[in-house]
Amino acid sequence: MPEPGRTPSTARQGLRFLATRRGALARLAGWSVLEAGHTFALGYALARALDRGFLAGRAATGLGWLGLAALAVLAGAYGTGRTYRATADLVEPLRDGLVRRVVGRALADGDAAAVSRLTHQVEIARDTFAGLVMVSRSFVFTAGGALAGLCALAPALLLAVVPPLLLGLLLFLVTLRVLARRQEAVLVADEALARSLDDVARGLRDITAGGAERRVAAATGALVDAERDAARALARWSLVRVAALTLAGRLPVILLLVLAPWLLDHGTTPGAFVGALAYVTQSLLPAVQELVHGLGASGARLAVVIRRLTAGSGGSGGTSGGPLPHRSADGPPDAPAAGAAAANGPAGPAATRAPTAAPPAGRSGPTAKAARPGHVAGRVTAAVPSPPDRTGDRPPTNTPRGPARSAAEAAPQGPGRLPRPDGPTAAPEPAAADNAPDPAADRMPAGGPATARQAPGRLPRPGGTAATAPPAPQPAPAPAPAPAPAPALELRGVTFAYGPHAAPVVHALDLRVPTGTRLAVVGPSGIGKSTLTGLAAGLLVPARGVVTIGGLPARDAAARAGRVLIPQEAYVFSGTLAENLGYFRPDPVPEDELWAAARAVGMAGLAERLGGFGAVVAPAGLSAGERQWIALARAYLSPAPLALLDEATCHLDPAAEARAEDAFARRPGGTLVVVAHRAASALRADRVLVMDGPHTVCGDHAELLRASPLYRDLMAEATAGGPSDPAGPPGDSYGVHPVARPGLPGDRAHVVAYGPVRQVQAAGDLPDAGALGGE
1 MPEPGRTPST ARQGLRFLAT RRGALARLAG WSVLEAGHTF ALGYALARAL
51 DRGFLAGRAA TGLGWLGLAA LAVLAGAYGT GRTYRATADL VEPLRDGLVR
101 RVVGRALADG DAAAVSRLTH QVEIARDTFA GLVMVSRSFV FTAGGALAGL
151 CALAPALLLA VVPPLLLGLL LFLVTLRVLA RRQEAVLVAD EALARSLDDV
201 ARGLRDITAG GAERRVAAAT GALVDAERDA ARALARWSLV RVAALTLAGR
251 LPVILLLVLA PWLLDHGTTP GAFVGALAYV TQSLLPAVQE LVHGLGASGA
301 RLAVVIRRLT AGSGGSGGTS GGPLPHRSAD GPPDAPAAGA AAANGPAGPA
351 ATRAPTAAPP AGRSGPTAKA ARPGHVAGRV TAAVPSPPDR TGDRPPTNTP
401 RGPARSAAEA APQGPGRLPR PDGPTAAPEP AAADNAPDPA ADRMPAGGPA
451 TARQAPGRLP RPGGTAATAP PAPQPAPAPA PAPAPAPALE LRGVTFAYGP
501 HAAPVVHALD LRVPTGTRLA VVGPSGIGKS TLTGLAAGLL VPARGVVTIG
551 GLPARDAAAR AGRVLIPQEA YVFSGTLAEN LGYFRPDPVP EDELWAAARA
601 VGMAGLAERL GGFGAVVAPA GLSAGERQWI ALARAYLSPA PLALLDEATC
651 HLDPAAEARA EDAFARRPGG TLVVVAHRAA SALRADRVLV MDGPHTVCGD
701 HAELLRASPL YRDLMAEATA GGPSDPAGPP GDSYGVHPVA RPGLPGDRAH
751 VVAYGPVRQV QAAGDLPDAG ALGGE
């Protein structure tokens, strides 16, 4: 049974990989033998140059041996250069196989740690494997050449070199497993940190909105500390490499010097002794250093990385490639509001809808008590009412579309029956109505026979029996009201969050925007206005709920063709101005229509300044406002009836902004949703959606001034200099400034009253949650 976190087949996989590339191994070994010949010749030629040349008084012989050593150096350099090409034949296939495996696992698992594996760990495996091949090859053939040279010079020299060499290598190999575990701990900590930072980067907006900066910083700091501690533990065990290097590489030099008298007395020549020192210091010691540092760092790292990259995604022991368990940065979610408790229950919204009783017979018109703006059946919603149907006899309705439905709307409509006045059921086909069975045909109601089905050509008798009579003319059936058209945009119970553990940016939002409506979306920065436009455009997928455009799911191709989104950063591509403006049109746009669109959105002057619609546009030469003008005209010319402006006019002046918004609102059959950059956009809109977290509300300007403190504050900031009139008891007002600014009466630089205080400000409305003036 393998230990958790270990992969016993890693060595077998490596041997199998090398077995399939025997040609590359043979070429590598051949060129390495040539390099080992240079090592052998270096010490041997030096010894012979001294013993047979310079010490014997024959300088020419000594120079000849040194010349042979020089030729061996050139041959060894040539062999070393060729070994790099053979090494590449082993390394690159390994890298390609690892990349394919990591990408395949990432596509299957969707783990954020795959980024660390692909960009960091695969490169580590490639570099370390190449270094390991070069280091191992160099040590094996260099040590072989050096030991062969020592044996050729004087076998007694091996007594001073081989024992410490073997002792140091044994110590080093014993600690390799511990080094591998420490290296694996570093990689595990690195992956955990990368995964956590990915979650934090995705949920920065939620973290800021929820005030969880300190908690997230503490959690991230703990992961950073864990990786630091793992790196320190690895560094401590790396000190063992220094001891192994001292035993295997430097102790032989000391032993040679200590044993020099004994070696010289037992037949070792001075030249052989100098050659032995050359072998140890110039060949063996560098090879041992490369082996200890390379195999100690690169070898352990390669074993760990290969095991993690080739392991299954469901490994155990916390070292698998699969995702690690996470904890929400914002902690457990807050308890839902009382009105939203039913909507968030286990059964879902459909199971918790509370039908209201149908109106009694003979009663029509609006309900006796209107619901609060933005609230439906105790649940916070943001509903834009449908415009009244002026083509039929139905009275105008102002019923928000949310989870609550009336019993009349929810009741099934039998075949051949007309829909109720407040229900959406369409009238049946005439043939179906005529041929459908009537449930009243076989029974007589208690009220008398007048309600029973009459045979053709017979009139009811006073006693209750039918008499033969000429057929009476049948009254024409009342025309059924036409079904309500699908809204241009509708969100039903939409919830969205950036990440599975982040707090929702949009929570259980219901929004209905009928065709022809002009809706403005306002709220503080980071509250989720751009997220709402992304959901409305189908660019983001809600975790719960449904988004429809014209009655179709927002991500359908037909629905995407019915909306156009203009973001804050407008995109203009290189090409003519006409090509930029007609990008959403399948055919070239006539020049007259281009000029009409340019005049409508206010960019006619820009078109003339650029040289007409045939002029080539250089995006880098345009200002941010000019790029927004082009993007607005492009969207205006698109056939999509729903326009979503996500602060698309923030770089224009107020007059240009108003002109562009009015142009979109006047498009035939067009619907406009504006993420307002200025408060004037809200004043021009038919309805305003105030995004304020759990207090999101929708209504017109007058309703929101009464119902939304945030909206009052936003309007007061936009109209600085005039007194505010926040909601108070009926018939009275507080008469205070909601926002402190220079120039207010008094000199204490905080919220003050206009003149004498007639009523104490309620605690909680002011930023410091205290009463005005300390009363």
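At position 292 of the sequence shown (counting the first as 1) the number is 292 in full-length UniProt numbering, and the numbers step up by one without a gap.
Glycine included, each C-beta is placed from N, C-alpha and C at the ideal position.
Asked                                                                                                                                                                                     : Found
Decide if residue 591 is buried, meaning its Cβ has at least 16 other Cβ atoms within 10 Å, or exposed.                                                                                   : exposed
Does the segment 39 to 54 touch the segment 133 to 146, meaning 3 or more C-beta pairs lie closer than 8 Å?                                                                               : yes
Would you list the residues sitting across from residue 492 in a DSSP beta bridge?                                                                                                        : 546
Between 709, 700, 578, which lies nearest to residue 597 when the distance is taken from Cα to Cα?                                                                                        : 578
Who does residue 646 pair with in a DSSP beta bridge?                                                                                                                                     : 675
Looking only at its own chain, which residues have a Cβ that is under 6 Å from the Cβ of residue 271, when we skip the five neighbours before and after it?                               : 47, 50, 51
Roughly how many angstroms lie between the CA atoms of residue 690 and residue 523, to the nearest whole one?                                                                             : 6 Å
Would you list, in sequence order, the uninterrupted alpha helix (DSSP H) runs of no fewer than 4 residues that lie entirely inside the segment 32 to 110?                                : 59 to 109
Residue 793 lies in the alpha helix (DSSP H); which residues open and close that run?                                                                                                     : Any property of residue 793 remains undetermined from this structure, which presents the chain solely from 1 to 775.
Do the segment 535 to 545 and the segment 558 to 574 meet, that is, are 3 or more Cβ pairs less than 8 Å apart?                                                                           : yes
Would you tell me roughly how many angstroms separate the C-alpha atoms of residue 34 and residue 243, rounded to the nearest one?                                                        : 32 Å
With burial defined as no fewer than 16 other Cβ atoms inside 10 Å of the residue's Cβ, what is the status of residue 708: buried or exposed?                                             : buried
Taking residue 135 as the reference, give the member of 102, 170, 87 with the closest Cα.                                                                                                 : 87
Secondary structure at residue 524, three-state DSSP: helix, strand or coil?                                                                                                              : coil
For residue 168, which residues from the same chain have a beta carbon less than 6 Å from its beta carbon, with the 5 sequence-adjacent residues on both sides left out?                  : 244, 247, 248
Please state whether the Cβ-Cβ distance between residue 19 and residue 90 is less than 8 Å.                                                                                               : no
Considering Cα atoms alone, identify which of 711, 630, 602 is closest to residue 584.                                                                                                    : 630
My output table needs one value for residue 565: the three-state DSSP class, helix, strand or coil.                                                                                       : strand
Exposed or buried, residue 119, counting other C-beta atoms within 10 Å across all chains shown (16 or more means buried)?                                                                : exposed
Could you name the residues of the same chain whose beta carbon sits closer than 7 Å to that of residue 628, not counting the 5 residues immediately before and after it, in chain order? : 570, 648, 649, 651, 652
Go to residue 701, then tell me how far its alpha helix (DSSP H) extends in each direction, as first and last residue.                                                                    : 701 to 707
Taking only the alpha-carbon atoms, compute the straight-line gap between residue 574 and residue 614 and give it to the nearest angstrom.                                                : 12 Å
Let me confirm a value: residue 189 is counted as buried when at least 16 other C-beta atoms fall within 10 Å, else exposed. Which label applies?                                         : buried
Which residues does DSSP pair with residue 688 in a beta bridge?                                                                                                                          : 520, 699
Can you tell me the Cα-Cα spacing of residue 540 and residue 557, whole angstroms?                                                                                                        : 15 Å
Looking at the structure shown, is residue 741 part of a helix, part of a strand, or coil, going by DSSP?                                                                                 : Only weak support exists for where residue 741 lies, its pLDDT of 46 falling under 50; the coordinates are left without a value.
Could you give the first and the last residue of the continuous alpha helix (DSSP H) run that contains residue 127?                                                                       : 122 to 153
State buried or exposed for residue 84, treating a residue as buried only when at least 16 other CB atoms are found within 10 Å of its CB.                                                : exposed
Evaluate residue 554 with the Cβ neighbour count: other Cβ atoms within 10 Å of its Cβ, from every protein chain shown; 16 or more gives buried, anything less gives exposed.             : buried
Counting pairs of Cβ atoms below 8 Å between the segment 62 to 69 and the segment 98 to 107, do you hit three or more?                                                                    : no
Within the segment 572 to 599, note down every full alpha helix (DSSP H) run reaching 4 residues or more, in order along the chain.                                                       : 577 to 581
Once the 5 residues before and after residue 687 are set aside, which same chain residues still bring their CB inside 7 Å of it?                                                          : 384, 517, 519, 698, 699, 700
Expressed to the nearest angstrom, what Euclidean distance is found between the alpha-carbon atoms of residue 2 and residue 12?                                                           : With a pLDDT of 40 at residue 2, under the threshold of 50, the modelled position of that residue is not reliable, and the figure given next carries that caveat. Rounded to whole angstroms, residue 2 to residue 12 spans 14 Å at the Cα level.
Please classify residue 552: does DSSP put it in a helix, a strand, or coil?                                                                                                              : strand
Of the residues 95, 646, 159, 151, which one's Cα is nearest the Cα of residue 130?                                                                                                       : 95
Measure the alpha-carbon distance for residue 27 versus residue 283 and round it to whole angstroms.                                                                                      : 23 Å
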